[in-house]
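Asks: According to the working numbering, the residues represented by the sequence shown are 745 to 942, in order.
Using N, Cα and C, we set each Cβ at its ideal position, and we do this for glycine too.
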Amino acid sequence: MNQILAEFTHFFPVWDTTRAAGLTSYLLLFISIVTGITQSFKSIHPKKRKTLNLIHESTGWFGILFGLIHGLVLMFDYDITLSIGEILIPFTAKTDTFSIGLGTLSLYIMLILIITSDYMKKIGVKLWRTIHFLSFPGYLLGLVHGIWLGPDTQKGLISLLYYITGIVVGGLVLWKIVCPRHSPKQTIQPKEEGTINS
Ligand code: HEM
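1) Just the C-alpha distance for F820 and G780, rounded to the nearest angstrom, thanks.
2) Distance check for V817 and T761, CA to CA, integer angstroms please.
3) Expressed to the nearest angstrom, what Euclidean distance is found between the alpha-carbon atoms of G845 and I775?
4) Touching or not, the segment 823-839 and the segment 862-876, by the rule of three or more beta carbon pairs under 8 Å?
5) Report the three-state DSSP secondary structure of T779 (helix, strand or coil).
6) Measuring straight from C-alpha to C-alpha, what distance separates F806 and K865?
7) With H, G and I counted as helix, E and B as strand and the rest as coil, what does DSSP make of D760?
8) Sorry if obvious, but does the Cβ on T782 come closer than 7 Å to a heavy atom of the ligand HEM?
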C-alpha cells in the first residue's frame with residue numbers, strides 16, 4: 745500500500761494537487777455564484793437563463809468535487825498529515841486550525857446548497873431560497889480560506905484573481921440587495937419543472 749501511495753504521490757505531489765484542486769474549486773464556486781445571480785435578472789432572455797442555470801448547477805457540482813479532492817488529498821502528505829477527522833470536522837486541525845476550518849465549512853455549505861436544491865419540491869421554495877442565501881457566506885469563507893492559507897496568494901496574478909472575483913461577487917450581491925425587483929421570485933419553481941435554481 746505504501747509503495748502504491750509513494751508511486752501515486754510521485755506523479756501527483758500532494759501539495760501541487762491540493763493547490764490546483766483548491767484554486768479550481770474556488771473558481772468553479774465563483775462561476776456558479778455569478779451565473780446563479782445573473783440568471784435571476786429580469787432582463788435575461790429565458791433561453792440564456794436556461795444556459796446560465798446549466799452552468800450554475802454543473803459548476804456547483806464540480807466545485808464540490810474539486811473541493812473534496814483538495815481537502816482529502818491532504819491525508820497523504822507525509823509531513824503535515826491531517827487525519828480524516830481533522831479534514832472533515834471543522835476547527836480540529838493541528839495546524840492553521842481556524843483557516844482550515846473555514847475551508848471545511850465552505851465545503852459543507854456547498855453540499856447543503858446542492859442537496860437542498862435536489863429536494864426543493866419537498867422543502868418548498870421559500871425554505872430553499874432562505875437556505876440558498878448561504879451561498880454568499882459559503883463563497884466568502886472559501887475566499888478568505890484561500891487567501892489566508894494559500895501560498896499562491898503571494899503571486900501577483902493569483903491575488904489579482906482573488907480581488908477581481910471578490911469585487912465581482914460583492915458587486916452582484918449589492919446589486920441584488922439594492923434592486924431586489926430584478927429577482928423574478930414568481931418564476932422560481934421546483935427543479936423538476938426545469939426552471940431557475942438560484
Ligand atoms: C475539507 C475542506 C478543506 C480543507 C481541509 C482545506 C485545506 C487547505 C489547505 C491546508 C490549504 C493550504 C495549501 C498549501 O499550503 O499549499 C488550502 C488552500 C486553499 N484552499 Fe482549501 N481546504 C478545504 C476546502 C476548500 C474549499 C471548499 C475551497 C474552495 C472554495 C478551498 C480553496 C482553497 C484555495 C483557493 C487555496 C489556496 C491554493 C493556493 O494558494 O495555491 N478549500 N486549503
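Replies: Taking the structure as given:
1) Walking along the sequence shown from the start, residue 820 turns up at place 76. Walking along the sequence shown from the start, residue 780 turns up at place 36. Rounded to whole angstroms, F820 to G780 spans 35 Å at the Cα level.
2) By 1-based counting over the sequence shown, the position of residue 761 is 17. By 1-based counting over the sequence shown, the position of residue 817 is 73. Answer to the nearest angstrom: the Cα atoms are 8 Å apart.
3) Locating residue 845 in the sequence shown gives position 101, counting from the first residue. Locating residue 775 in the sequence shown gives position 31, counting from the first residue. Spanning the two alpha carbons is a distance of roughly 23 Å.
4) Remark: fewer than three beta-carbon pairs, one from each stretch, lie closer than 8 Å, so the segment 823-839 and the segment 862-876 are not flagged as touching.
5) By 1-based counting over the sequence shown, the position of residue 779 is 35. The DSSP-derived three-state label of T779 is helix.
6) Here residue 806 is taken as the residue at index 62 of the sequence shown, counted from 1. Here residue 865 is taken as the residue at index 121 of the sequence shown, counted from 1. Rounded to whole angstroms, the separation of the alpha carbons of K865 and F806 is 23 Å.
7) One-based indexing of the sequence shown puts residue 760 at position 16. In the displayed model, D760 falls within a helix according to three-state DSSP.
8) Taking the first residue of the sequence shown as 1, we reach residue 782 at position 38. Result no, Cβ not under 7 Å from the ligand HEM.
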